[in-house]
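Please read the structure below before turning to the comments.
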């Protein structure tokens, strides 16, 4: 997929998202070829003002978008938005419940005026329950809906996942819903309201864990590494230059592992003779495996285990991942060109279509970088644009044309 092509070529998206969940969903659409316009306040996406991680969010989730800075509190700003909406297929937002309605951007109002519009939004806790007006942040969803409760050492404190899992999962769900709505619109001619929440995203991630809870009636607990009812399963072994993880809990794989490390005596050891026994004696099992594998490097241990088709992996840092040949072969890392001519890489779509995927991208725009081009697309004259800039209805940065009378 080139920057100008893709299955969503011709689809226009207005992205009102802040931080991660909304912008990430819109980023998927941009990577699929949609024309995504990031609609920002005159001060820009709030992520722009929170330091390095905020800048990382902007760079990761706003590639190949255009940005317009717009004051929606002004009647002139609302008039510009109306002209934009008339040419829009999808609107994405992650405002707190009720905020969109106060801005005149609620789903009922907009869909009554633009029946083909697909309106997509992410909230923190859903829009129907008693917590609908609470601000929703990733960490709150991880805390309140189980992820932190089951993450961490068995006797340690709860731990958040080392990434914004609720935000990213909600964004993926929203993008999937948008694609479904676009497909449905081809037959019905009407748009749809696509909605998800960080709460729903976190719960959907834990379907198997929830299934275990309903089967046993026991709430899952933190257990550190390793799976509660299988061994060895997702267990970590320290080797000379770091750690590896492995799973070999079926009778066949356990036997293969024992032969591989020259410990066939472990197969019939009463402590390890079957899976329940190994779970009960996990600590002793891990000592035996560490003694057998601990003198190897990660590369040597993984190579040995793979020779017997045992699931395993070296625990690696980003520095190592960036040099990984499989990552490079997949082309998931997009080469992003910045406005200064510099470049960096960013993970792109996690799938390809007939082997096609976008491998080159332009950097996230600065707030208001494309205001002039967006307004010209809406048939505003340069004089009208200059007046809007001067009156601070819009913010325009780095224009390619000096607008007579404009002060920025």
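Residue numbers (my numbering): 553 to 960.
Every residue gets a Cβ at the ideal spot worked out from N, C-alpha and C, and that includes glycine.
Does residue i come out as helix, strand or coil in the three-state DSSP assignment?
| i | result |
| --- | --- |
| residue 554 | With a pLDDT of only 47 at residue 554, under the threshold of 50, the placement of this residue in the model should not be trusted; the figure read from the coordinates follows. Residue 554: coil per DSSP, three-state reduction. |
| residue 664 | helix |
| residue 790 | strand |
| residue 590 | strand |
| residue 817 | helix |
| residue 957 | Note that residue 957 scores a pLDDT of 47, beneath 50, so its modelled location is shaky; the value from the coordinates is reported in the next line. Residue 957 falls in the coil class under three-state DSSP. |
| residue 887 | strand |
| residue 493 | Outside the shown range of the chain, which is 553 to 960, sits residue 493, and nothing can be said about it. |
| residue 629 | helix |
| residue 905 | strand |
| residue 803 | helix |
| residue 1019 | Missing from the structure shown is residue 1019; the chain here goes from 553 to 960 and no further. |
| residue 707 | coil |
| residue 918 | coil |
| residue 715 | coil |
| residue 781 | coil |
| residue 878 | helix |
| residue 572 | coil |
| residue 962 | There is no way to answer for residue 962, as the model of the chain reaches only from 553 to 960. |
| residue 670 | strand |
| residue 559 | coil |
| residue 833 | coil |
| residue 694 | helix |
| residue 637 | helix |
| residue 650 | coil |
Assign residue i to buried or exposed, taking buried as 16 or more other Cβ atoms, counted over all protein chains shown, within 10 Å of its Cβ.
| i | result |
| --- | --- |
| residue 554 | Interpretation of residue 554 is limited by its pLDDT of 47, a score under 50 that renders its predicted location unreliable; the figure taken from the coordinates is listed afterwards. Exposed, since its Cβ has fewer than 16 Cβ neighbours within 10 Å. |
| residue 891 | exposed |
| residue 767 | exposed |
| residue 906 | exposed |
| residue 677 | buried |
| residue 770 | exposed |
| residue 874 | exposed |
| residue 882 | exposed |
| residue 917 | buried |
| residue 763 | exposed |
| residue 602 | exposed |
| residue 870 | exposed |
| residue 940 | buried |
| residue 839 | exposed |
| residue 575 | buried |
| residue 828 | exposed |
| residue 778 | buried |
| residue 850 | buried |
Do residue j and residue i count as a contact pair if the criterion is CB distance below 9 Å?
| i | j | result |
| --- | --- | --- |
| residue 578 | residue 720 | no |
| residue 669 | residue 743 | yes |
| residue 698 | residue 761 | yes |
| residue 904 | residue 887 | no |
| residue 930 | residue 635 | yes |
| residue 899 | residue 612 | yes |
| residue 945 | residue 629 | yes |
| residue 751 | residue 650 | no |
| residue 656 | residue 624 | yes |
| residue 919 | residue 595 | yes |
| residue 654 | residue 637 | no |
| residue 737 | residue 639 | no |
| residue 993 | residue 562 | Here the chain covers residues 553 to 960 and nothing more, so residue 993 does not appear. |
| residue 889 | residue 915 | yes |
| residue 633 | residue 923 | no |
Just confirm the distance between the C-beta atoms of residue i and residue j, as a whole number of angstroms; I'd bet it's less than 8 Å.
| i | j | result |
| --- | --- | --- |
| residue 792 | residue 848 | 7 Å |
| residue 566 | residue 589 | 6 Å |
| residue 548 | residue 722 | The chain is shown from 553 up to 960; residue 548 falls before or after that span and cannot be answered. |
| residue 702 | residue 773 | 7 Å |
| residue 690 | residue 718 | 4 Å |
| residue 860 | residue 803 | So it is not a contact: roughly 14 Å between Cβ atoms. |
| residue 910 | residue 901 | 7 Å |
| residue 608 | residue 571 | About 11 Å; that fails the 8 Å criterion. |
| residue 866 | residue 794 | 7 Å |
Can you confirm whether the segment 788-808 touches the segment 847-854 when touching is taken to mean that 3 or more C-beta pairs between the two stretches lie within less than 8 Å? Here the segment 847-854 lies against the segment 788-808, with 3 or more beta-carbon pairs under 8 Å apart.
Taking 8 Å as the threshold, find out whether the segment 706-715 comes into contact with the segment 783-791 through three or more Cβ pairs. Taking 8 Å as the limit for Cβ pairs, the verdict is that the segment 783-791 does not touch the segment 706-715.
Does the segment 805-817 come within contact of the segment 834-852, defined as at least 3 CB pairs closer than 8 Å? Counting Cβ pairs under 8 Å, three or more are found: they touch.
Counting Cβ pairs, one atom from each stretch, are 3 or more of them under 8 Å apart for the segment 613-624 and the segment 585-602? They touch, by the three-pair rule.
Using 8 Å as the Cβ pair cut-off and three pairs as the minimum, do the segment 669-687 and the segment 640-650 touch? By the Cβ test, the segment 669-687 is in contact with the segment 640-650, since at least three Cβ pairs between them sit closer than 8 Å.
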